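Below is one structure, written out as structure tokens, with a few remarks after it.
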Amino acid sequence: MPLDITRVGRKSYVTTRGLAEVLEAVKKHGLPSTTSRSDIKRKRSARANVMTPYGHVIQQWRLQTEDGGTVAIDYCHPAALVWHLCSSSEPLQNLLLERMGLEPCSLAAPWRVVFYSDEITPGNQLRSRNPRKLQAIYFSFANLGSAALGKEKSWFLLCAVRSKTVQSLQSGMGQLCRAAMLSFRTHGADLSSGIQLYCGESRPVLCAQLGILLSDESALKYMANNKGASGKLPCVLCRNVIHRRYKPEKMREPLVTHTDINYDHFILHTQKSLAETAEYLETQSRTLNKGAMQDLQTKLGFNHAPLGILASSGYLEMLYGMVRK
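All residue numbers for the sequence shown refer to our numbering, where the first residue is 1 and numbers rise by one.
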């Protein structure tokens, strides 16, 4: 008796498009020898975690949690991922070679990496509690051009971590982003020093460094451990801008509200002032009680995050360079 396709996917939901693709593949290639979930996962992992000249595509971070332990988080190494995808995708090869011809990259003129962070909510968007939420980090290259960047296939997934896991990390999203930023500059696979790609008969060298940060207000807030739009000091870069909701009766110069449209009134943070803020929070955290510490964080506009981006001069330099461009 032939399979009734209208009954497939009722027990475990599958989209109509997904079901059509599966049936088409079975029609073309026949049934696989194994069909269990564990077999599918094992074969997918083996296929994904290929070896490249820059190490395995899938690698692991060991990040510190609030309770003093560590947690293993899988991620795709940028250099290994780009090499693997370029060697196996002719359209990507053609795109990279075309753009490198138009905008050559070198140690003196590297391409700019676009670092993109956002939260993904699978399933019902209106559900009050959704334990399946993910914090995802993607990257691409600004030099690919706006037409390519407007397509999903031009973006590379660096990592996708359950939001619940990120919340358990010391310094939260800040620590995760530190690890993600460092992955672009690992020994032997440093994009800023150049990696050689396999593009058919060509062997171009790709030089790139973090250059653009792309995120919404919420993602930037958690990334920089800033108080964000709900805080008294909502802007991660401004020293004298306060939220209009918290405007005092008598405003003293140089304070301005976030609704001020005159850019000349804003006093911007420097890399040094951000580092001093993080250092001051670290020093005060050793002596202040919880209530006093929360009050200090509110006044400064930043949370104490010892493993966050602002707490390290190297990571702060990378972040500051991206948000100021």
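Quick reminder that beta carbons are idealized off the backbone N, C-alpha and C, glycines included. Note that the structure is predicted; figures quoted are calculated from it, not measured.
In or out: residue i buried (at least 16 other Cβ within 10 Å) or exposed?
i, result
"GLN125", "exposed"
"GLN93", "buried"
"ASN289", "exposed"
"LEU268", "exposed"
"SER128", "exposed"
"MET181", "buried"
"GLN196", "exposed"
"TYR246", "exposed"
"GLN314", "The question names Gln, but residue 314 is Gly in the sequence shown. Exposed, by the Cβ-count rule."
"VAL166", "buried"
"ALA46", "exposed"
"ILE261", "exposed"
"PRO243", "A quick correction: the sequence has His, not Pro, at residue 243. By the 10 Å Cβ count, HIS243 comes out buried."
"TYR13", "exposed"
"ALA219", "buried"
"LEU144", "buried"
Can you name the residues that DSSP bridges to residue i?
i, result
"ASN226", "PHE302"
"TYR138", "TYR116 and LEU157"
"TRP111", "ALA208"
"TYR75", "GLN59"
Cα separation between residue i and residue j?
i, j, result
"GLU317", "SER117", "18 Å"
"LYS5", "SER36", "Checking the sequence shown, residue 5 turns out to be Ile, not Lys. Those two C-alpha atoms are separated by around 20 Å."
"ASN130", "ARG203", "45 Å"
"PRO91", "LYS153", "10 Å"
"ASN226", "LEU85", "35 Å"
"PRO104", "ASN240", "41 Å"
"TYR263", "GLN294", "30 Å"
"GLN271", "TYR320", "7 Å"
"GLN59", "GLY150", "28 Å"
"GLU24", "ASP39", "21 Å"
"CYS76", "THR16", "30 Å"
"THR257", "GLY231", "12 Å"
"LEU213", "PRO32", "43 Å"
"THR277", "ARG185", "26 Å"
"ARG275", "ARG162", "Reading the sequence as shown, one finds Ala at residue 275 and not Arg. Near 29 Å, if we compare the C-alpha coordinates of ARG162 and ALA275."
"GLU282", "TRP83", "40 Å"
"GLN64", "HIS304", "15 Å"
"GLN284", "GLY194", "42 Å"
"GLU253", "VAL114", "37 Å"
"GLY291", "MET251", "26 Å"
"PRO122", "LYS27", "30 Å"
"GLU217", "PRO234", "10 Å"
"THR34", "ALA20", "20 Å"
"ALA72", "MET173", "15 Å"
"MET100", "SER273", "38 Å"
"CYS159", "PRO53", "20 Å"
"SER192", "PRO110", "7 Å"
"LEU157", "GLU279", "33 Å"
"ALA311", "PHE302", "11 Å"
"VAL57", "ASP74", "10 Å"
"ALA108", "VAL205", "13 Å"
"ARG132", "MET322", "30 Å"
"ASN49", "LYS41", "12 Å"
"GLY55", "HIS29", "32 Å"
Our contact map puts residue i next to residue j with C-beta atoms below 8 Å; I'd like the distance itself, whole angstroms only.
i, j, result
"LEU176", "GLN209", "Their Cβ separation, rounded to whole angstroms, is 20 Å, which puts LEU176 and GLN209 out of contact at 8 Å."
"TRP155", "SER168", "Their Cβ separation, rounded to whole angstroms, is 27 Å, which puts TRP155 and SER168 out of contact at 8 Å."
"SER89", "CYS207", "21 Å between Cβ atoms; not a contact."
"ALA345", "ALA189", "Residue 345 falls outside the range modelled here, since the chain spans only 1 to 325, and no answer is possible."
"PRO78", "SER183", "6 Å"
"LYS221", "GLY228", "3 Å"
"ALA224", "ILE120", "With a Cβ gap of about 20 Å, ALA224 and ILE120 do not count as contacting."
"HIS95", "ALA148", "A small fix is needed here, since residue 95 is Leu in this sequence, not His. So it is a contact: roughly 6 Å between Cβ atoms."
"LEU171", "LEU307", "For the record, residue 171 in the displayed sequence is Ser; it is not Leu. Contact flag correct, Cβ pair sits at about 4 Å."
Inset, instruction - At 4 residues or longer, and completely inside the stretch 140-220: list those alpha helix (DSSP H) runs for me, N to C. - result: DSSP runs (the alpha helix (DSSP H)) wholly in the stretch 140-220: 146-149, 163-167 and 173-182.
Legend entry - Segments assigned beta strand (DSSP E), at least 3 residues, entirely inside the stretch 39-72: List check, beta strand (DSSP E) in window: 58-64.
Inset, instruction - Ignoring anything shorter than 4 residues or poking outside the stretch 226-293, list the alpha helix (DSSP H) runs there in chain order. - result: Counting only unbroken stretches of 4 or more residues, the alpha helix (DSSP H) elements lying wholly within the stretch 226-293 are 271-285, in sequence order.
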